[in-house]
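**Q**
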Amino acid sequence: MIRYRNGLWQSALSSKVIKNHLTTCINTKSICKPITALRAYTKAYTRPERYLRLYSYRPAPNEPTRHRLHCAHTILFRMERSDLDNANPTILNVSQLPSRRQKQSAARKGPENRYDDVLFSKKQSGAYGFGNRVSSWPSSDEEDDADLPEEPIDELEIYDLISSISDPEHPHTLGQLSVVNLSDIHITPSPSENADPEALRTVTVDITPTITHCSLATVIGLAVRVRLEQALPPNYRLDIRMKKDSHAQDDQVNKQLKDKERVAAALENDTLRGVLDKMLLTCV
Amino acid sequence: MASSLPSSVSVTPLPPFKPDLYQRAWSSIPHPTLPLLATCHAKAVTVFSLSTLTKHSSLSGGHTRSVRCAAWKPGLPPGKLCLVTGSFDATAGLWRWEKEADEGGEGSMEVDVTKGSNASRPDTEKDASDDDWEFTLVLEGHENEIKSVSFSPSGQYLATCSRDKTVWIWEDVGAAEDEDEWETVAVLSEHDGDIKAVAWCPDVPGRNKASSNRHGSLDVLASASYDNTVRIWREDGDGEWVCVSVLEGHEETVWGLQFEPRTDNERFPRLMTFSADGTVRIWTLQVEEEEPTVEDGRDANNPFRSAMSGIPNTMRRGLREDWVCTAVLPKAHTRAVYSASWSSDSGLIASTGSDGLIVVYGEEKDVTKPASSAEEQSKETGDHGNARSRDGWRILGTVANGHGAYEINHVTWCKRYDAGAEQKGTEEMLVTTGDDGVIRPWQTRAD
Numbered sequence: 001m002i003r004y005r006n007g008l009w010q011s012a013l014s015s016k017v018i019k020n021h022l023t024t025c026i027n028t029k030s031i032c033k034p035i036t037a038l039r040a041y042t043k044a045y046t047r048p049e050r051y052l053r054l055y056s057y058r059p060a061p062n063e064p065t066r067h068r069l070h071c072a073h074t075i076l077f078r079m080e081r082s083d084l085d086n087a088n089p090t091i092l093n094v095s096q097l098p099s100r101r102q103k104q105s106a107a108r109k110g111p112e113n114r115y116d117d118v119l120f121s122k123k124q125s126g127a128y129g130f131g132n133r134v135s136s137w138p139s140s141d142e143e144d145d146a147d148l149p150e151e152p153i154d155e156l157e158i159y160d161l162i163s164s165i166s167d168p169e170h171p172h173t174l175g176q177l178s179v180v181n182l183s184d185i186h187i188t189p190s191p192s193e194n195a196d197p198e199a200l201r202t203v204t205v206d207i208t209p210t211i212t213h214c215s216l217a218t219v220i221g222l223a224v225r226v227r228l229e230q231a232l233p234p235n236y237r238l239d240i241r242m243k244k245d246s247h248a249q250d251d252q253v254n255k256q257l258k259d260k261e262r263v264a265a266a267l268e269n270d271t272l273r274g275v276l277d278k279m280l281l282t283c284v
Numbered sequence: 001m002a003s004s005l006p007s008s009v010s011v012t013p014l015p016p017f018k019p020d021l022y023q024r025a026w027s028s029i030p031h032p033t034l035p036l037l038a039t040c041h042a043k044a045v046t047v048f049s050l051s052t053l054t055k056h057s058s059l060s061g062g063h064t065r066s067v068r069c070a071a072w073k074p075g076l077p078p079g080k081l082c083l084v085t086g087s088f089d090a091t092a093g094l095w096r097w098e099k100e101a102d103e104g105g106e107g108s109m110e111v112d113v114t115k116g117s118n119a120s121r122p123d124t125e126k127d128a129s130d131d132d133w134e135f136t137l138v139l140e141g142h143e144n145e146i147k148s149v150s151f152s153p154s155g156q157y158l159a160t161c162s163r164d165k166t167v168w169i170w171e172d173v174g175a176a177e178d179e180d181e182w183e184t185v186a187v188l189s190e191h192d193g194d195i196k197a198v199a200w201c202p203d204v205p206g207r208n209k210a211s212s213n214r215h216g217s218l219d220v221l222a223s224a225s226y227d228n229t230v231r232i233w234r235e236d237g238d239g240e241w242v243c244v245s246v247l248e249g250h251e252e253t254v255w256g257l258q259f260e261p262r263t264d265n266e267r268f269p270r271l272m273t274f275s276a277d278g279t280v281r282i283w284t285l286q287v288e289e290e291e292p293t294v295e296d297g298r299d300a301n302n303p304f305r306s307a308m309s310g311i312p313n314t315m316r317r318g319l320r321e322d323w324v325c326t327a328v329l330p331k332a333h334t335r336a337v338y339s340a341s342w343s344s345d346s347g348l349i350a351s352t353g354s355d356g357l358i359v360v361y362g363e364e365k366d367v368t369k370p371a372s373s374a375e376e377q378s379k380e381t382g383d384h385g386n387a388r389s390r391d392g393w394r395i396l397g398t399v400a401n402g403h404g405a406y407e408i409n410h411v412t413w414c415k416r417y418d419a420g421a422e423q424k425g426t427e428e429m430l431v432t433t434g435d436d437g438v439i440r441p442w443q444t445r446a447d
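Residue numbers (the UniProt record's numbering), protein chains in the order written: chain A, 1 to 284; chain B, 1 to 447.
1. Would you mind telling me which residues of chain B sit closer than 8 Å to E198 of chain A, beta carbon to beta carbon, in chain order?
2. Does any residue of chain B bring its CB to less than 9 Å from the CB of D259 of chain A?
3. Applying a beta-carbon distance threshold of less than 8 Å, which residues of chain A neighbour K18 of chain B?
4. Look at the Cβ atom of V47 of chain B, then the Cβ atom of T85 of chain B, and state whether they are nearer than 9 Å.
5. Just to confirm, does V180 of chain A get its C-beta within under 8 Å of one of the non-hydrogen atoms of the ligand NAP?
6. Can you round the beta-carbon distance between P233 of chain A and A405 of chain B to whole angstroms, since I take them to be within the 8 Å contact cut?
7. Counting only beta-carbon atoms, is S8 of chain B nearer than 9 Å to chain A?
8. State the Cα-Cα distance for the pair A327 of chain B and L271 of chain B, rounded to the nearest angstrom.
9. Taking K278 of chain A as part of the alpha helix (DSSP H), name the residues at either end of that continuous run.
10. Using 10 angstroms around the beta-carbon of R273 of chain A, count the other beta-carbons present and answer buried if the total reaches 16, otherwise exposed.
11. Identify every residue that forms a DSSP beta bridge with F48 of chain B.
12. Going along chain A, which residues have a C-beta under 7 Å from K147 of chain B?
13. So, under 8 Å CB-CB, V254 of chain B and T273 of chain B are touching, yes? Tell me the CB distance rounded to an integer number of Å.
14. Runs of 3 residues minimum, wholly inside the region 140 to 216 of chain A: which ones carry the beta strand (DSSP E) assignment?
15. For R201 of chain A, count the other beta carbons within 10 Å of its own beta carbon; 16 or more makes it buried, fewer makes it exposed. Which is it?
16. Counting along the chain, where does the alpha helix (DSSP H) carrying A266 of chain A start and finish?
17. Taking only runs that begin and end inside the region 136 to 215 of chain B, name each unbroken beta strand (DSSP E) of 3 or more residues, in chain order.
18. Does the Cβ-Cβ distance between I240 of chain A and V224 of chain A come in under 9 Å?
19. Between the Cα of S211 of chain B and the Cα atoms of B:L285, B:Y157, B:S154, B:I195, which residue gives the shortest distance?
20. Measuring alpha carbon to alpha carbon, tell me which residue in B:V431, B:I408, B:N401, B:I169 is nearest L188 of chain B.
21. Tell me which same chain residues have a C-beta within less than 6 Å of the C-beta of D89 of chain B, skipping the five on either side of it?
22. For a minimum of 3 consecutive residues, which ranges assigned as the beta strand (DSSP E) are wholly contained in the UniProt repeat "WD" (247 to 293) of chain B?
23. Measuring straight from C-alpha to C-alpha, what distance separates F17 of chain B and I439 of chain B?
24. Does the region 267 to 282 of chain A come within contact of the region 24 to 42 of chain B, defined as at least 3 CB pairs closer than 8 Å?
25. Any idea if I211 of chain A is buried or exposed, counting beta-carbon neighbours within 10 angstroms, 16 or more meaning buried?
26. Classify L319 of chain B: buried if its beta carbon has 16 or more other beta carbons within 10 angstroms, exposed otherwise.
27. When you compare the CB positions of W200 of chain B and F268 of chain B, do they come within less than 9 Å of one another, or not?
28. By DSSP, does N401 of chain B sit in helix, in strand, or in coil?
29. Given that R237 of chain A touches chain B, what residues does it touch there, using C-beta distances under 9 Å?
30. In the UniProt repeat "WD" (247 to 293) of chain B, which residues sit with their C-beta less than 9 Å from some C-beta in chain A, listed in chain order?
31. Alpha carbons only, please: which of A:I158, A:D206, A:A199 is nearest the one belonging to R227 of chain A?
32. Going by DSSP, what residue range makes up the beta strand (DSSP E) through K415 of chain B?
33. Using 9 Å as the limit for Cβ to Cβ distance, is K331 of chain B near chain A?
34. For a quick check, are the C-beta atoms of S148 of chain B and C69 of chain B less than 9 Å apart?
35. Please list, in chain order, the chain A residues whose beta carbon lies closer than 8 Å to that of S66 of chain B.
36. My guess is that N144 of chain B and D164 of chain B are in contact by the Cβ rule of under 8 Å, so how many angstroms apart are they, rounded?
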């Protein structure tokens, strides 16, 4: 048992139980209530320390099934990958990169517990018997949520989400290659402004390709966009751009990345999708 | 048509269509005469009944990638439906739905509203199943995603456009024999970027009068592009479709366009365009004045026109059109405008887009001007210089976060047939289509 923050988390669900649940959901394509929390769990898995806030995130009543199922797939995939990986996936220099994630490293004890900290239930009862009955997943309690502090998503969180994307042609991450930089991420209105959490916010990411005529700039931009679309709540609008003068055809690339229709069509291209999936493999 | 502009229009949500699609939906196209609405989402189309606000039927299995757009074929006999779908798989599909002959008068077809009867509620009957739709023809030719499809007013021509920077015009050559046979009559490739949308000018007196001295088809096509321009296309009399005008002014991708649908005057319908630059613009065809005036005014420093001076006037007139941006609607959107719709009934325009805002605009009629259309006509042609200030548009109503946090991809005016309507088949509502997979009707009331 691990206590976190105000001791709100009391028990852990085993990873096996979680996997069973996710598999059931995916196989039956069911939009059971617990799945509404899955988006949050995805994020929780990628950012354990955000669990508290994310758990309080209530998806819109009309959250598309596609999103929910995608989240289920993502979590399952990461969990399985995590099981396969050796225990030491450390990448050189990664410690020099800005991240809030490092602070959590001490909490990781070993393969068995590696996602315990994100898989806690607030209710003891939730730990039992929901492998078969999806409806018994601990529900997101309204009254509990009200007590949780709303912690805004900030630039560092965005950075954490995208800096771990792999470069399509180098064995490094975009953070390591300084393709994405914390100073080039902006959120408007600023997260420190205590605005309505449901209000639209715009995330601007300026990408610095490694060379000015990098032909893969569009792919990198697309990966960043996809990553953020999957991870951020729907009220976040994304502007992914090439940093000014960093790319020979930056106007063209920017326009493509801004075009929702082109992005949607590109994601239906299996070849491109394969490249993107590979790049996003390293996102944890 | 509204005689005077209301001070404001209240836009209030009605219960959404059932079922929720739970995935991004791109557009919802109302049938021109029947209480049906075709919504494109993923690789399928769901047809909703506007009477019950529930699912009528669905079309699936015809496309290997997302269906982006759809168009109802106009002018079909009672008992028949025909829908064309444009898909990211680079094909357009033609679907037909026919009432079984032995079903009798109370069949599952929606009753034609033009007959003014209270529609029976056929969509509740069991035979409105998916099997009734037949995927009858694939139109292949485009190299990349099809973004928009549109029928000419008579249904004779179908225009499709694609990321491959071309517009294809297909002609229904099998209609007489009741066969599905379509011929490519033109491939238009002058745009420098993806073509986002195509639209035909409606068959209204203003169009036909302005075009009466032309040869060839009366049909006029407009296309909107990723290259920030809009182009106008006509048939030149020899069966060739040519670009007669390039409309430049938008600073970003032009997402779509619609010709003015109202038929209350004699001038050529104006054109509404909307763009990722966040603006909605109105363009007006400049009517040529006395021939000598044109010569005097422009020939001196226009070598092209001088070179044409040996060609008969009628032909020359056919070669180029002068479209001028006569209004930019008051700016309300902070992000791309994905869709706008111009009501044939009220003349109001509604727009929506990435910011989730729904905006309704009305055009201020100058009350000091006599209402006579002839008088208006003379003013239209008279004071070109003041054109921009004369078209006065005002925001009458806005709704923020129309689909919660999600982007709204489409908005359309649509007749109401549901139980809550005060005048079925006449009263108008708005229907928005969002990334959340919800198709939401909105009641609009003038205050």
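Glycine residues also receive a C-beta, built at the ideal position from the N, C-alpha and C atoms.
**A** The relevant details are as follows:
1. Position 198 of the first sequence, counted from the start, is the residue given in the question as residue 198 of chain A. The contacting residues are N401, G404, A405.
2. Residue numbering aside, residue 259 of chain A sits at position 259 when the first sequence is read from its first letter. Answer yes: the Cβ-Cβ gap between D259 of chain A and chain B drops below 9 Å somewhere.
3. Within the second sequence, residue 18 of chain B is the residue found at index 18, counting from 1. Annotation: K18 of chain B has no Cβ neighbours in chain A at a cutoff of 8 Å; minimum Cβ distance is about 12 Å.
4. Sequence index remark: in the second sequence, residue 47 of chain B carries index 47 (1-based). Sequence index remark: in the second sequence, residue 85 of chain B carries index 85 (1-based). No; because the gap between Cβ atoms is not below 9 Å, this pair is not in contact.
5. Among the components modelled here there is no ligand, and therefore nothing to report on the ligand NAP.
6. Numbered from 1 along the first sequence, position 233 holds the residue referred to as residue 233 of chain A. Numbered from 1 along the second sequence, position 405 holds the residue referred to as residue 405 of chain B. About 7 Å separates the two Cβ atoms, so the contact holds.
7. Residue 8 of chain B sits at position 8 when you count from the first residue of the second sequence. For S8 of chain B, the answer is no, since every Cβ of chain A falls outside 9 Å of its Cβ.
8. Against the second sequence, residue 327 of chain B aligns to sequence position 327. Against the second sequence, residue 271 of chain B aligns to sequence position 271. One C-alpha to the other measures close to 10 Å.
9. Here residue 278 of chain A is taken as the residue at index 278 of the first sequence, counted from 1. It spans 270 to 280 - the alpha helix (DSSP H) in which K278 of chain A sits, taken as one unbroken run.
10. Within the first sequence, the letter at position 273 stands for residue 273 of chain A. Burial call: exposed.
11. Position 48 of the second sequence, counted from the first residue, corresponds to residue 48 of chain B. DSSP lists B:L37, B:K55 as partners of F48 of chain B.
12. Your numbering for residue 147 of chain B matches position 147 in the second sequence. Under the 7 Å cutoff, chain A gives E261.
13. The count along the second sequence starts at 1 and reaches residue 254 of chain B at position 254. The count along the second sequence starts at 1 and reaches residue 273 of chain B at position 273. At roughly 5 Å, the Cβ-Cβ gap stays under 8 Å, so V254 of chain B and T273 of chain B are in contact.
14. 185 to 188, 201 to 207
15. For the purposes of this step, residue 201 of chain A is taken as the residue at position 201 of the first sequence. By the 10 Å Cβ count, R201 of chain A comes out buried.
16. To locate residue 266 of chain A, count along the first sequence from 1; it is residue 266. Where A266 of chain A is concerned, the enclosing alpha helix (DSSP H) stretches over 260 to 266.
17. Listed in chain order, the beta strand (DSSP E) elements of length 3 or more contained wholly in the region 136 to 215 of chain B are 146 to 151, 157 to 162, 167 to 172, 182 to 188, 195 to 200.
18. Here residue 240 of chain A refers to the residue found at position 240 of the first sequence. Here residue 224 of chain A refers to the residue found at position 224 of the first sequence. Contact flag set, yes.
19. Numbered from its first residue, the second sequence carries residue 211 of chain B at position 211. If we check each option's Cα against that of S211 of chain B, B:L285 comes out closest.
20. Sequence index remark: in the second sequence, residue 188 of chain B carries index 188 (1-based). If we check each option's Cα against that of L188 of chain B, B:I169 comes out closest.
21. For the purposes of this step, residue 89 of chain B is identified with residue 89 of the second sequence, where counting begins at 1. Closer than 6 Å at Cβ, skipping near neighbours: H63, T64, R65.
22. 254 to 259, 271 to 275, 280 to 285
23. The residue given as residue 17 of chain B occupies position 17 in the second sequence. The residue given as residue 439 of chain B occupies position 439 in the second sequence. Each residue's Cα considered, the two are about 6 Å apart.
24. no
25. Translated into the one-based positions of the first sequence, residue 211 of chain A becomes position 211. Counting other Cβ atoms within 10 Å of its Cβ, I211 of chain A stays below 16 and is therefore classed as exposed.
26. Mapped onto the second sequence, residue 319 of chain B falls at position 319. Under this definition L319 of chain B is an exposed residue.
27. Numbered from its first residue, the second sequence carries residue 200 of chain B at position 200. Numbered from its first residue, the second sequence carries residue 268 of chain B at position 268. No, these two residues do not count as a Cβ contact at 9 Å.
28. Within the second sequence, residue 401 of chain B is the residue found at index 401, counting from 1. Reduced to three states, the DSSP call for N401 of chain B is coil.
29. As a first step, residue 237 of chain A must be located in the first sequence, where it is residue number 237. Near R237 of chain A (Cβ distances below 9 Å), the residues of chain B are R335, S354, D355, E407.
30. E252, T253, W255, A276
31. The residue given as residue 227 of chain A occupies position 227 in the first sequence. Cα-wise, what sits closest to R227 of chain A is A:I158.
32. For the purposes of this step, residue 415 of chain B is identified with residue 415 of the second sequence, where counting begins at 1. Its beta strand (DSSP E) spans residues 408 to 415.
33. Within the second sequence, residue 331 of chain B is the residue found at index 331, counting from 1. No - not a single Cβ of chain A is within 9 Å of the one on K331 of chain B.
34. As a working mapping, residue 148 of chain B is identified with position 148 in the second sequence. As a working mapping, residue 69 of chain B is identified with position 69 in the second sequence. Yes.
35. Position 66 of the second sequence, counted from the start, is the residue given in the question as residue 66 of chain B. Those are A264, A265, E268, listed as they occur along chain A.
36. Here residue 144 of chain B refers to the residue found at position 144 when the second sequence is read from its first residue. Here residue 164 of chain B refers to the residue found at position 164 when the second sequence is read from its first residue. Contact flag correct, Cβ pair sits at about 5 Å.
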